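Chains as they are written, first to last, in our numbering: chain A, 1 to 321; chain B, 322 to 642. Note that beta-carbon positions come from the ideal geometry of N, C-alpha and C, so glycine has one too. The structure presented is a predicted model; accordingly, all values stated were derived computationally and were not measured. Worksheet: one structure, shown below.
Dropping the structure here:
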């Protein structure tokens with residue numbers, strides 16, 4: 001029941017073009033050998049996207065999408081709805097391009113995240129829960145700005161795919177790539193790059209058990225809807241979205257499987273990254289290590305994508321204690 | 322009262338050769354823009370050496386020194402005395418070269434550090450406090466191995482200098498480089514590279530007030546001796562050594578000044594690096610941010626060297642709380 005015939009999938013060519021576009025704006029993150037992981041059959045490397053200027057990979061897609069608009073369109077500004085890393089990414093990219101950004105956030109968004117977006121110079125528009133998309137559409141109408149979606153767009157997928165390009169450059173003999181899955185933009189892009197450049201490598205998605213709609217969807221062959229209440233149970237607040245038709249089609253095409261991890265395993269992984277790798281990870285960023293620690297991922301040279309590091313101080317303290 | 326006429330100083334050529342030698346063995350760390358630092362007059366970048374495989378810059382000097390021995394000498398093995406990052410660096414480098422390593426550590430060394438060196442396959446020799454150098458000399462006699470000193474050697478200085486080479490490559494317009502100073506190998510090497518490649522940039526050493534023998538020594542024009550009891554007062558356990566004649570001569574030649582920081586400022590800097598930069602730093606690694614936060618460093622594009630991330634979990638928890 002492949003859906004790939006309905007949509008055009010992003011290609012390695014799109015990702016290579018994205019890489020040229022975003023190069024000047026992003027951190028070329030290194031691949032870090034995690035010698036402390038101590039499993040000789042599955043040597044581990046970390047791709048630390050937490051080192052991007054806003055603390056997460058999302059800048060890659062945001063810069064690619066906004067750069068592609070072209071200057072005349074871009075000057076009209078951009079609109080995004082997000083309470084998380086995508087908000088900061090769009091606000092930051094807009095500031096770098098010197099264009100206006102409107103970011104729609106639910107009223108309950110922590111003040112620190114609102115302040116961060118404003119700190120980049122973005123106009124933050126607070127709205128009621130569940131109204132984000134409607135308010136964003138109104139803003140697009142009103143301002144003439146372009147909507148930059150968090151994952152449901154080929155330019156976003158291609159931008160995130162540059163992570164995969166860099167993994168293939170730095171470790172061409174990689175055998176397993178473990179990637180967090182939420183809306184699926186990151187996994188779609190990385191999977192596309194890896195399958196093109198390292199065709200023998202497996203690309204394995206990782207989800208919290210409590211938000212494992214994609215694992216279930218891939219099993220049954222079509223997207224499944226989980227309630228937001230259910231998905232909100234996981235501590236991994238960056239992994240509560242669900243794939244779109246576009247990203248799901250990519251995931252069907254490029255993922256070799258999805259591993260699900262328990263909440264306690266995510267916490268242990270955040271601790272281990274801090275104490276052993278000297279990297280502060282948000283819960284969503286640590287799920288790939290949690291999957292690795294289950295021991296169920298295949299033998300071979302393994303890269304885990306640490307997607308972001310934006311964790312509330314109180315939660316980090318609680319987890320490290 | 323320059324001492325530089327007595328010793329041959331390491332040159333940019335030595336550092337460039339070191340870079341070619343260590344390239345395959347170390348992480349080419351990125352320069353990370355710390356947009357959160359929020360001082361437009363002094364934009365800040367971080368050079369995160371905590372991302373090296375042993376969590377500190379020391380691998381650069383160790384690999385350079387051991388590689389330079391040449392294969393026939395190298396096979397006799399290496400000896401080092403250190404309870405800190407140099408121990409792990411030499412143990413790790415020896416393991417990579419497949420040669421024996423003896424590491425002399427004081428009996429009171431935390432078990433986690435002894436275990437880490439043994440984990441690399443090194444033979445750890447415990448000794449009484451103050452006996453490290455004597456025991457190491459005996460081991461050299463006994464095993465025929467070569468002593469790899471922690472900082473007092475041109476090959477070590479040249480290896481650490483590759484950090485400066487990379488800073489100059491990534492940010493040729495750098496105006497200030499802030500570097501922790503202890504035995505002075507890192508500051509000597511970085512200073513030499515920066516002065517050669519970015520002659521208008523200032524290189525500023527940073528020391529804890531409680532171990533500021535170098536600040537005092539540079540003021541009076543010769544090395545001064547502080548008791549180990551005095552130096553041990555600082556939480557920055559990696560900054561309790563004192564320069565040798567060789568490194569002091571370099572520091573006289575390349576440093577534009579030394580800033581000293583209080584213990585409380587070091588703690589705040591460790592917190593800020595974790596929460597804002599998503600990097601776990603040991604206290605010694607955070608002193609350059611502490612200096613920056615005093616506001617006394619000059620205007621201009623500023624790079625802080627985060628020298629290492631090896632902090633005891635209990636101390637990290639205490640500082641983050």
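Could you have a look at residue 547/B and say whether DSSP puts it in helix, strand or coil?
Sequence index remark: in the second chain, residue 547/B carries index 226 (1-based). Note: residue 547/B maps to coil in three-state DSSP.
Would you identify the three-state DSSP class for residue 246/A, choosing helix, strand or coil?
The residue you call residue 246/A lines up with position 246 of the first chain. Correct three-state label for residue 246/A: helix.
Assuming residue 241/A and residue 10/A form a contact by the criterion Cβ under 8 Å, report the distance between their Cβ atoms to the nearest whole angstrom.
The residue given as residue 241/A occupies position 241 in the first chain. The residue given as residue 10/A occupies position 10 in the first chain. Their Cβ separation, rounded to whole angstroms, is 18 Å, which puts residue 241/A and residue 10/A out of contact at 8 Å.
So with CB distances below 7 Å, who are the chain B contacts of residue 32/A?
Counting from one through the first chain, the residue named residue 32/A turns up at place 32. Neighbours of residue 32/A on chain B, chain order: 348, 372.
Do residue 215/A and residue 162/A have their C-beta atoms within less than 8 Å of each other?
In the first chain, the residue the question calls residue 215/A occupies position 215. In the first chain, the residue the question calls residue 162/A occupies position 162. In this structure, residue 162/A does not lie closer than 8 Å to residue 215/A by Cβ.
Quick check on the DSSP output: the beta strand (DSSP E) that includes residue 619/B runs from which residue to which?
For the purposes of this step, residue 619/B is taken as the residue at position 298 of the second chain. Per DSSP, residue 619/B belongs to no beta strand (DSSP E) and is neither H nor E.
Which one or two residues does DSSP pair with residue 305/A in a beta bridge?
What you label residue 305/A is simply residue 305 of the first chain in a count that begins at 1. According to DSSP, residue 305/A bridges with 47/A.
Between the Cα of residue 8/A and those of 289/A, 280/A, 245/A, spot the shortest distance and give me the residue it belongs to.
One-based indexing of the first chain puts residue 8/A at position 8. Considering only alpha carbons, the answer is 245/A.
From this set, 638/B, 634/B, 625/B, 642/B, which residue's C-alpha is nearest residue 433/B's C-alpha?
On the second chain, residue 433/B is found 112 positions in, with the first residue counted as 1. Ranking 638/B, 634/B, 625/B, 642/B by Cα distance to residue 433/B puts 634/B first.
Could you check how far apart the C-beta atoms of residue 660/B and residue 625/B are, in whole angstroms? I think they sit under 8 Å.
Here chain B has residues from 322 to 642 only, and residue 660/B is not among them.
Taking only beta carbons into account, state which residues of the stretch 622-642 of chain B come closer than 7 Å to chain A, listed in chain order.
630, 634, 637, 638, 641, 642
Counting contacts by CB-CB distance shorter than 8 Å, is residue 560/B in contact with chain A?
The residue given as residue 560/B occupies position 239 in the second chain. No, no contact with chain A.
Using DSSP bridges, identify the partner residues of residue 106/A.
On the first chain, residue 106/A is found 106 positions in, with the first residue counted as 1. 127/A, per the DSSP bridge assignment.
Less than 7 Å between C-beta atoms, sequence neighbours within five positions excluded: which residues of the same chain meet that for residue 52/A?
Position 52 of the first chain holds residue 52/A. Cβ neighbours of residue 52/A beyond the five flanking positions: 26, 27, 59.
Report the partner residues of residue 33/A according to the DSSP bridge assignment.
On the first chain, position 33 is the one that residue 33/A refers to. Answer is 45/A.
Does residue 312/A come out as helix, strand or coil in the three-state DSSP assignment?
Within the first chain, residue 312/A is the residue found at index 312, counting from 1. Three-state result, residue 312/A: coil.
Which residues in the same chain as residue 395/B place their Cβ atom closer than 7 Å to its Cβ, once the five residues preceding and following it in sequence are excluded?
On the second chain, residue 395/B is found 74 positions in, with the first residue counted as 1. 387, 418, 420, listed in sequence order.
Identify the contact partners of residue 274/A in chain B, using a Cβ-Cβ distance below 9 Å as the criterion.
The residue labelled residue 274/A in the question sits at position 274 within the first chain. Chain B residues near residue 274/A: 595, 601, 634, 637.
Could you spell out where the alpha helix (DSSP H) holding residue 385/B opens and where it closes?
The sequence position of residue 385/B within the second chain is 64, counting from 1. Taken as a continuous stretch (DSSP letters only), the alpha helix (DSSP H) holding residue 385/B covers 379-389.
Buried or exposed for residue 642/B, going by 16 or more other Cβ atoms inside 10 Å?
For the purposes of this step, residue 642/B is taken as residue 321 along the second chain, with counting starting at 1. So residue 642/B counts as exposed.
Minimum Cβ-Cβ distance from residue 35/A to chain B less than 8 Å
Position 35 of the first chain, counted from the start, is the residue given in the question as residue 35/A. So yes, residue 35/A belongs to the interface.
Could you tell me whether any non-hydrogen atom of the ligand SAM is closer than 7 Å to the CB of residue 490/B?
As presented, the structure is devoid of all ligands, the ligand SAM included, so that no description of it is given.
Taking the C-alpha atoms as reference points, what is the distance between residue 295/A and residue 198/A?
Position 295 of the first chain, counted from the first residue, corresponds to residue 295/A. Position 198 of the first chain, counted from the first residue, corresponds to residue 198/A. Cα-Cα distance, rounded: 23 Å.
Looking at the unbroken alpha helix (DSSP H) that takes in residue 332/B, where does it start and where does it end?
For the purposes of this step, residue 332/B is taken as residue 11 along the second chain, with counting starting at 1. Run containing residue 332/B: none; DSSP gives neither H nor E here.
Please return the same chain residues whose Cβ sits closer than 7 Å to the Cβ of residue 494/B, not counting the five positions on each side in sequence.
As a first step, residue 494/B is located in the second chain; it is residue number 173 there, counting from the start. Here the set comprises 622.
Which first and last residues belong to the alpha helix (DSSP H) in which residue 586/B is found?
By 1-based counting over the second chain, the position of residue 586/B is 265. Counting along the chain, the alpha helix (DSSP H) containing residue 586/B begins and ends at 584-597.
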